[in-house]
Amino acid sequence: MRPMTRTLPGMAIAMLIVGVLALRAEGLDDWSNGATAFESAMASRRDEPMPIVVYFYTDWCGYCKRFNAALSEGSIDLSDFVKVRINPEKGSKEQALAQKFGVRGYPSVFIIPSGSNEARKVRTAGEWNEESEDAFTQ
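For the sequence shown, position 43 (counting from the first letter as 1) is numbered 41 according to our numbering, and the numbering increases by one without interruption.
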């Protein structure tokens, strides 16, 4: 029997590959992830003011999985946005951002328009609000 310590690095690499493939399968490989990515996106706006879409999700959320599928279908054009996904269960910085944004359910999606630092909620807990469709085109 092999010692467990020899197989752990191999298992970690395999899990990383599976995670990357899952993101690509979901069509989310062009999204940045986490609090650090959000901070970078906000900082980059000084040079090039682009709108940011911020998507709060969890791995266990069924609505999030459906939203991921909608994103991968291309039914919403986000090519003009800086895209950031944040899972508040991944760390304290991510959790703090969720609290700052007032996230109460998943998925929650916010738009920060170019030229503004104020976020507008466009989706939460599986339902669109009235301005959801227009928020992505303004």
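Where a beta carbon is used, it is the ideal one built from N, C-alpha and C, also for glycine.
Sixteen is the threshold: when 16 or more other Cβ atoms of the shown chains lie within 10 Å of the Cβ of Trp29, as they do, the residue is buried. Here Asn115 is exposed, its C-beta having fewer than 16 other C-beta atoms within 10 Å.
Secondary structure of Phe108 (DSSP, three-state): strand. Excluding five sequence positions before and after Ile50, the CB atoms of its chain that fall closer than 6 Å to its own CB belong to Ala39, Val80 and Ile110, given in chain order. By a beta-carbon distance limit of 8 Å, Phe54 does not contact Ile74. Their separation comes to about 16 Å. In the DSSP assignment, Phe36 falls within the alpha helix (DSSP H) that extends over Ala33 to Ser42. For the set Ala117, Lys119 and Val107, the Cα lying nearest the Cα of Leu69 is the one of Val107. DSSP places Phe99 in the uninterrupted alpha helix (DSSP H) bounded by Ser90 to Phe99. Note on geometry: alpha-carbon atoms of Asp78 and Val101 lie some 24 Å from one another. For Tyr55, there is no enclosing beta strand (DSSP E), as DSSP marks it with neither H nor E. The alpha-carbon of Phe65 is positioned some 13 Å away from that of Trp58. Arg102 carries a coil assignment under DSSP once its states are collapsed to helix, strand and coil.
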